[in-house]
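Below is one structure, written out as structure tokens; comments come after it.
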Amino acid sequence: MAVSRLWNNYWGLFALITLALIWHEAGAPRFVWLNILAAISLIKVLPQGNFLRLVKFYRSSCWLVLLIISIPFLIQQVRTGLYPQLEKPWQSISVRTTQHQQPDAMMDMLMKEEKSMQSSYARKRSVIASDSYSQAPAPNFKRIDPKANLQTGPGLPQWQWTSIPLSWNGSVNSQQQIELWYLTPTTSMLLNFLRVALLVILCLLMLELINKRFTFKLPNSILSLGLLICLLLPIAPVHADYPSPELLNELKQRLLKAPDCLPNCAQIPAMHIVLTDTVLQLDLQVHAQETVAIPLPAELKNWLPKEIKVNKAVAHAIIRDNQGILWLSLEPGIHSVTLKGAAPRQNSFTLPLPLKPQHITHNIQQWSLEGLKPNGAAENNLHFTRLQTAAEKKNAPPSLSSTILPPFIQIERTLHLGLDWHITTRVIRLSREPTAISLKVPLIKNESITSSHIRSEDGYALVHISANQQSIKWQSLLNKSAQIHLVAPATNQWSEIWRADISPMWHIQSTGISAVHHQNQAGNWLPEWRPWPNEAITLAITRPEAVQGQTLTIDKSTLQITAGKRTQESRLELDLRSSKGTQHTITLPPNAVLQSVSVNGATQAIRQQGQTVTLPVEPGNQHYQLNWHEVNQQSSILTTPALDLASASVNTHLNILLGQDRWVLLTMGPKFGPAVLFWGLVFVLVLLAFALGKAQLTPLKHWHWFLLLIGLSQIPIAAALVVVAWLIALGLRKKQVNDNAKCFNLMQIFLVFMTLSSLAILFIAVEQGLLGSPDMQIVGNQSTAEHLKWYQDRSNALLPTATVVSIPLLSYRIMMLVWSLWLAVS
Numbered sequence: 007m008a009v010s011r012l013w014n015n016y017w018g019l020f021a022l023i024t025l026a027l028i029w030h031e032a033g034a035p036r037f038v039w040l041n042i043l044a045a046i047s048l049i050k051v052l053p054q055g056n057f058l059r060l061v062k063f064y065r066s067s068c069w070l071v072l073l074i075i076s077i078p079f080l081i082q083q084v085r086t087g088l089y090p091q092l093e094k095p096w097q098s099i100s101v102r103t104t105q106h107q108q109p110d111a112m113m114d115m116l117m118k119e120e121k122s123m124q125s126s127y128a129r130k131r132s133v134i135a136s137d138s139y140s141q142a143p144a145p146n147f148k149r150i151d152p153k154a155n156l157q158t159g160p161g162l163p164q165w166q167w168t169s170i171p172l173s174w175n176g177s178v179n180s181q182q183q184i185e186l187w188y189l190t191p192t193t194s195m196l197l198n199f200l201r202v203a204l205l206v207i208l209c210l211l212m213l214e215l216i217n218k219r220f221t222f223k224l225p226n227s228i229l230s231l232g233l234l235i236c237l238l239l240p241i242a243p244v245h246a247d248y249p250s251p252e253l254l255n256e257l258k259q260r261l262l263k264a265p266d267c268l269p270n271c272a273q274i275p276a277m278h279i280v281l282t283d284t285v286l287q288l289d290l291q292v293h294a295q296e297t298v299a300i301p302l303p304a305e306l307k308n309w310l311p312k313e314i315k316v317n318k319a320v321a322h323a324i325i326r327d328n329q330g331i332l333w334l335s336l337e338p339g340i341h342s343v344t345l346k347g348a349a350p351r352q353n354s355f356t357l358p359l360p361l362k363p364q365h366i367t368h369n370i371q372q373w374s375l376e377g378l379k380p381n382g383a384a385e386n387n388l389h390f391t392r393l394q395t396a397a398e399k400k401n402a403p404p405s406l407s408s409t410i411l412p413p414f415i416q417i418e419r420t421l422h423l424g425l426d427w428h429i430t431t432r433v434i435r436l437s438r439e440p441t442a443i444s445l446k447v448p449l450i451k452n453e454s455i456t457s458s459h460i461r462s463e464d465g466y467a468l469v470h471i472s473a474n475q476q477s478i479k480w481q482s483l484l485n486k487s488a489q490i491h492l493v494a495p496a497t498n499q500w501s502e503i504w505r506a507d508i509s510p511m512w513h514i515q516s517t518g519i520s521a522v523h524h525q526n527q528a529g530n531w532l533p534e535w536r537p538w539p540n541e542a543i544t545l546a547i548t549r550p551e552a553v554q555g556q557t558l559t560i561d562k563s564t565l566q567i568t569a570g571k572r573t574q575e576s577r578l579e580l581d582l583r584s585s586k587g588t589q590h591t592i593t594l595p596p597n598a599v600l601q602s603v604s605v606n607g608a609t610q611a612i613r614q615q616g617q618t619v620t621l622p623v624e625p626g627n628q629h630y631q632l633n634w635h636e637v638n639q640q641s642s643i644l645t646t647p648a649l650d651l652a653s654a655s656v657n658t659h660l661n662i663l664l665g666q667d668r669w670v671l672l673t674m675g676p677k678f679g680p681a682v683l684f685w686g687l688v689f690v691l692v693l694l695a696f697a698l699g700k701a702q703l704t705p706l707k708h709w710h711w712f713l714l715l716i717g718l719s720q721i722p723i724a725a726a727l728v729v730v731a732w733l734i735a736l737g738l739r740k741k742q743v744n745d746n747a748k749c750f751n752l753m754q755i756f757l758v759f760m761t762l763s764s765l766a767i768l769f770i771a772v773e774q775g776l777l778g779s780p781d782m783q784i785v786g787n788q789s790t791a792e793h794l795k796w797y798q799d800r801s802n803a804l805l806p807t808a809t810v811v812s813i814p815l816l817s818y819r820i821m822m823l824v825w826s827l828w829l830a831v832s
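So the sequence shown is numbered by the numbering used here: it starts at 7 and just counts up by one.
Dropping the structure here:
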């Protein structure tokens with residue numbers, strides 16, 4: 007409305023469209039327009055006087071603020087339109103040497119049970135050294151069909167850009183649909199240019215350089231010309247946001263990376279046990295390679311020491327986890343650890359050995375020790391039993407009495423259905439009376455016992471449990487069939503539990519009673535039934551057909567070219583994920599000579615066959631590195647070879663390393679790569695030279711101005727503006743005559759100062775041109791003139807190519823020498 011009243015309705019509509027397009031853009035001028043409009047309105051109605059001059063000064067200040075805000079915004083819009091990757095100039099898709107990879111599909115199916123026994127203290131504050139608490143269970147290869155083609159799926163790109171969260175104030179229906187509208191890069195570029203054009207016109211209107219009839223009038227004052235110069239010249243890229251949060255997070259991961267010695271960062275070579283009727287003391291010798299937290303042989307439910315000493319000093323860095331295990335933090339070196347406390351009052355107790363000692367000695371009185379081998383090695387636990395006197399043995403209850411209730415047991419049958427079918431049966435004593443048990447356990451149809459300590463007779467397993475034995479277990483084979491029928495016998499001697507450990511290669515449908523559990527405590531699929539007598543289930547078993555899909559995925563590829571005068575060195579790195587063992591063939595460039603091939607860091611004796619190299623592939627993740635060279639004379643146009651990886655890939659990185667003796671002119675390749683911004687500066691300099699030549703403020707022609715500005719483009723813009731202002735001041739000094747002596751003397755002093763400053767700047771520009779390197783303003787993906795980087799998220803089997811146009815640096819030196827001679831002659 008204000009613009010419509012001050013100018014007309016057309017300008018009001020124009021201002022409305024302009025502000026609507028730029029208002030939500032970062033760095034756009036917003037509230038400064040209100041200040042300018044208020045000042046212009048007051049100037050039109052105020053009478054002559056000091057207040058009017060104050061308002062005009064305020065308007066000029068607002069003009070300056072408008073230019074300060076608008077110039078960086080205009081440059082950012084133009085650069086983002088031409089080079090979308092410069093929206094975040096600090097962003098880089100870097101090649102990471104170490105990264106956390108997600109478990110592949112095969113390993114997900116191989117892992118039967120996941121054990122995580124690390125405490126929260128050890129996870130957050132220390133590196134845990136425990137061979138029994140850190141190691142994962144070995145994969146069960148009997149659950150995997152070697153002929154199955156497990157799909158590895160498509161790779162996932164690494165890059166991250168702008169994330170926009172979506173949230174709702176209320177509940178959302180599951181059938182609610184959301185549509186997202188995206189603008190193509192071309193549309194975004196045109197929209198950016200439209201913002202630039204509209205904002206420039208609106209700025210000229212506010213600066214009163216355009217009248218109501220859309221006519222443009224050239225500035226006549228030095229201030230207006232200076233503002234136009236500032237408007238046209240670009241601003242150097244700012245790196246205040248570098249390093250990026252992603253780069254800082256990567257640095258944090260590297261600094262907090264677990265040491266290579268894990269899980270063997272600490273060991274206990276020797277332990278001595280002293281146990282009497284009242285005191286238990288453990289003396290440990292601990293060798294620590296890193297700062298670690300070690301689990302101690304003490305547990306809350308059995309025994310805890312009253313004092314813990316490290317090297318004869320009381321230890322303080324101790325914590326107890328949720329399982330009741332004590333953890334002690336130690337520095338690198340050899341330590342003597344002593345645990346001392348009262349002996350347990352019960353007649354028997356157990357000491358866990360989470361970090362198993364290599365050799366154990368003891369001095370035990372009135373106790374017996376179980377779990378120690380003759381050579382001094384120990385089992386996972388040590389069991390201590392108090393020795394009884396003759397009187398105590400005489401008063402002990404008999405092993406079998408007629409007044410004791412009949413024993414009751416529990417039979418657990420676990421069916422393992424994989425490549426081979428087998429059953430694990432476990433008989434557990436539930437009654438506490440120490441009595442001997444003999445019973446006949448019925449077998450499942452087509453079941454054959456393979457354990458030597460159990461005999462079978464007429465479809466029954468003959469089980470004998472001694473008085474001091476709590477359980478017994480055996481293995482048996484099961485012939486494959488379409489159905490398995492399980493029936494709980496009608497007996498009061500035992501109860502049964504059935505479990506089915508089913509490989510993904512089989513599909514099971516059960517009929518009968520319902521399962522009470524479908525997963526075990528680790529979260530793995532393990533259905534469980536607890537039948538009553540005479541209850542039964544029937545398992546219908548089928549083998550589904552596998553769905554065809556890719557079994558090999560390339561998660562990342564990095565091609566690095568090192569240019570030389572006569573040879574070109576190349577290196578290709580591949581991160582490959584496969585679900586089966588196979589071979590993968592890669593096609594090299596025609597003139598490539600293979601130098602070396604390494605797999606997971608180990609050099610392999612793999613030869614080149616023509617243009618192809620065949621790589622051995624194992625199930626899981628592998629990292630390959632191929633090095634070769636090509637005999638090529640260095641030319642002005644360098645293009646990366648189009649390698650054939652024989653499979654589509656993601657996260658393609660292309661790197662070109664140039665020497666310091668090359669002058670980069672242009673770059674081409676994937677969009678997320680380097681951009682040479684110098685040519686945009688040249689275009690601005692052409693416009694500026696044309697404007698200065700037309701202004702006729704100096705005798706210089708437009709081509710004189712262009713040659714001068716192109717030579718000054720390698721020094722800071724502020725210094726180049728000093729030279730331009732000096733020449734304009736000399737031209738105005740020639741045209742204007744000042745009768746005031748003081749003003750004349752001040753002007754002369756100012757011109758002398760400007761002359762000395764300009765000559766010094768010109769000398770620096772000549773020195774920079776003859777001895778320095780050209781600044782082509784190469785930005786994007788953290789590229790430099792010597793190291794150019796490109797990234798493409800998804801690629802076909804044939805890798806994309808990147809091209810750089812460069813000439814010898816001597817050409818730049820010769821051009822600057824000619825410019826210096828021209829400057830000296832002029």
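We put the beta carbon where it would ideally sit given N, CA and C, even for glycine.
Just so you know, these numbers come straight off a predicted model, no measurement behind them.
By the C-beta density criterion, Thr158 is buried, having at least 16 other C-beta atoms within 10 angstroms. Annotated three-state conformation of Ile415 is strand, per DSSP. Close CB contacts of Thr517 within its chain, under the 6 Å cut and outside five residues either way in sequence, are with Thr544 (chain order). Inclusion of Asn661 and Ile734 in the CB contact set at 8 Å is not warranted, their separation being larger than that value. Straight-line measurement puts the Cα of Gly55 at about 10 Å from the Cα of Val61. Here the alpha carbon of Ala494 sits roughly 7 Å from the alpha carbon of Trp538.
Residue state for Ala294 is assigned as strand, using DSSP reduced to three classes. In the DSSP annotation of this structure, the continuous segment of the alpha helix (DSSP H) that includes Leu204 starts and ends at 191-212.
Every beta strand (DSSP E) of 3 residues or more that sits fully in the segment 274-359 is shown, in chain order, as 285-294, 298-305, 313-316, 324-326, 331-336, 339-348, 354-358.
Taking a contact as a CB-CB distance under 8 Å, the pair Gly778 and Ser826 does not count as one, their CB atoms being some 13 Å apart. For Gly347, the closest C-alpha among the options Leu664, Lys379, Ile314 is that of Ile314. For Ala552, the closest C-alpha among the options Trp512, Ser563, Leu727 is that of Trp512. The shortest C-alpha to C-alpha distance from Val292 to any of Pro363, Met782, Asn474 is the one to Pro363.
The closest CA to that of Val285, considering only Gln628, Ser250, Thr431, Trp373, is found on Trp373. In this structure, the straight-line span from the alpha carbon of Glu636 to that of Val619 is close to 16 Å. The shortest C-alpha to C-alpha distance from Leu378 to any of Tyr64, Phe769, His278, Phe79 is the one to His278. Here the segment 25-38 lies against the segment 72-79, with 3 or more beta-carbon pairs under 8 Å apart. Our two residues, Ile370 and Asn270, have alpha carbons roughly 30 Å apart in a direct line. Annotation: Leu388 to Asn308 spans about 11 Å, alpha carbon to alpha carbon.
CA-CA distance, Glu214 to Leu92, rounds to 33 Å.
In summary, Glu376 is exposed, with fewer than 16 beta-carbon neighbours lying within 10 Å of its beta-carbon over all protein chains present.
With respect to Ala652, Thr559 sits apart: the two C-beta atoms are not nearer than 8 Å. DSSP lists Ser444 as the beta-bridge partner residues of His470.
Per the coordinates, the alpha-carbon of Phe678 lies some 17 Å from the alpha-carbon of Glu252. Judged by DSSP in its simplified three-state form, Trp174 adopts coil rather than helix or strand. Going by DSSP, Met674 is part of the beta strand (DSSP E) stretching over 668-674. The Cβ atoms of Ile28 and Leu205 lie closer than 8 Å to each other. Under the criterion of beta carbons closer than 8 Å, Ile450 and Ile429 qualify as touching, at roughly 7 Å.
DSSP places Gly161 in no alpha helix (DSSP H); its state is neither H nor E. DSSP places His30 outside both helix and strand once states are collapsed to three, so it counts as coil.
Around the beta carbon of Gln166, fewer than 16 other beta carbons sit within 10 angstroms, so the residue counts as exposed. Judged by beta-carbon spacing, Ile478 lies within the 8 Å limit of Val469, meaning their Cβ atoms are closer than that value. Glu773 counts as exposed, since fewer than 16 other C-beta atoms from the protein chains shown sit within 10 angstroms of its C-beta. Considered as a whole, the segment 698-767 harbours 708-717, 723-741 as its complete alpha helix (DSSP H) runs of no fewer than 4 residues, in chain order. The beta carbon of Arg800 lies closer than 6 Å to those of Val656 in the same chain, with the five residues before and after it left out. Following the DSSP letters along the chain, one finds Tyr797 inside the beta strand (DSSP E) bounded by residues 793-801.
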